[in-house]
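First the structure, in the form of structure tokens, and then the observations on it.
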Amino acid sequence: MSSEKMKILEMVQEGKLTAVEGLDLLKAIDEGNSDKTSSQIFEQDLVKKEGERFLRVRVQGEKTLKVNVNVPLTLIRSASKLVVYAMSFVPEDKKAELEKKGLDLTDLDVEGLARIIEESLDGKIVDVEVADPEEGRIKVEVYVE
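Next up, the structure:
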């Protein structure tokens with residue numbers, strides 16, 4: 001295994017790259033790129049892109065931050081492609097079961113949903129405040145920036 005592939009795997013293990021980002025880099029190295037060497041692809045993809053957008057989820061209690069999740073929109077797009085691919089492995093009998101319950105997997109546009117999230121949403125999506133008798137005031141925010 002090449003040193004570049006080992007470095008990618010180490011970075012995934014250390015949490016510096018997500019599994020999807022690591023997979024994309026490994027594919028780029030395997031497939032090659034006529035315009036760039038694998039080293040150039042590796043270096044380019046490791047640099048954080050300017051203006052990268054995130055889906056952010058925050059749950060803030062009066063005393064502490066309870067939840068802090070930041071999901072790059074590029075990850076949502078990549079995951080949507082994986083979901084579309086994975087749906088092809090659902091056995092026919094299970095698809096039929098789902099259809100009887102009103103869910104047709106062929107009607108799901110997962111990539112379209114990811115595109116809407118990425119292109120259309122900006123700013124706050126959810127902004128809720130509740131008073132919990134035990135925890136005090138809790139604020140939930142979901143937004144894209």
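All residue numbers for the sequence shown refer to UniProt numbering, where the first residue is 1 and numbers rise by one. All C-beta atoms in this analysis are idealised placements derived from N, C-alpha and C, irrespective of residue type, glycine included.
Identified DSSP bridge partners for Ala131: Here residue 131 corresponds to residue number 131 of the sequence shown, with the count starting at 1. In the DSSP output, where bridge partners are listed per residue, Ala131 has Arg137.
Quick one, are the C-beta atoms of Val76 and Ile117 less than 7 Å apart? On the sequence shown, position 76 is the one that residue 76 refers to. On the sequence shown, position 117 is the one that residue 117 refers to. Per the sequence presented here, residue 76 reads as Ile, with Val not at that position. Yes, the Cβ-Cβ distance between Ile76 and Ile117 is below 7 Å.
Taking its Cβ as the centre, do 16 or more other Cβ atoms sit within 10 Å of Ser120, making it buried, or is it exposed? If you number the sequence shown from 1, residue 120 lands on position 120. Label assigned to Ser120: exposed.
If contacts are defined as beta-carbon pairs under 8 Å, then Val20 and Ser78 qualify, I think. What distance do you get, rounded to the angstrom? Along the sequence shown, one-based indexing puts residue 20 at 20. Along the sequence shown, one-based indexing puts residue 78 at 78. Right, the Cβ-Cβ distance comes to about 5 Å (below 8 Å), so this counts as a contact.
Whose C-beta lies closer than 6 Å to the C-beta of Val69 among residues of the same chain, with five residues either side of it excluded? Position 69 of the sequence shown, counted from the first residue, corresponds to residue 69. Closer than 6 Å at the Cβ level, and outside the excluded window around Val69, lie Val57.
Extent of the continuous beta strand (DSSP E) to which Arg77 belongs: Along the sequence shown, read from residue 1 onward, the residue named residue 77 stands at position 77. Careful: Arg77 lies outside any beta strand (DSSP E), inside the alpha helix (DSSP H) at 73 to 87.
Work out the CA separation of Glu4 and Val12 for me, nearest whole Å. Position 12 of the sequence shown, counting from 1, holds the residue named residue 12. Position 4 of the sequence shown, counting from 1, holds the residue named residue 4. Their Cα atoms are separated by approximately 13 Å.
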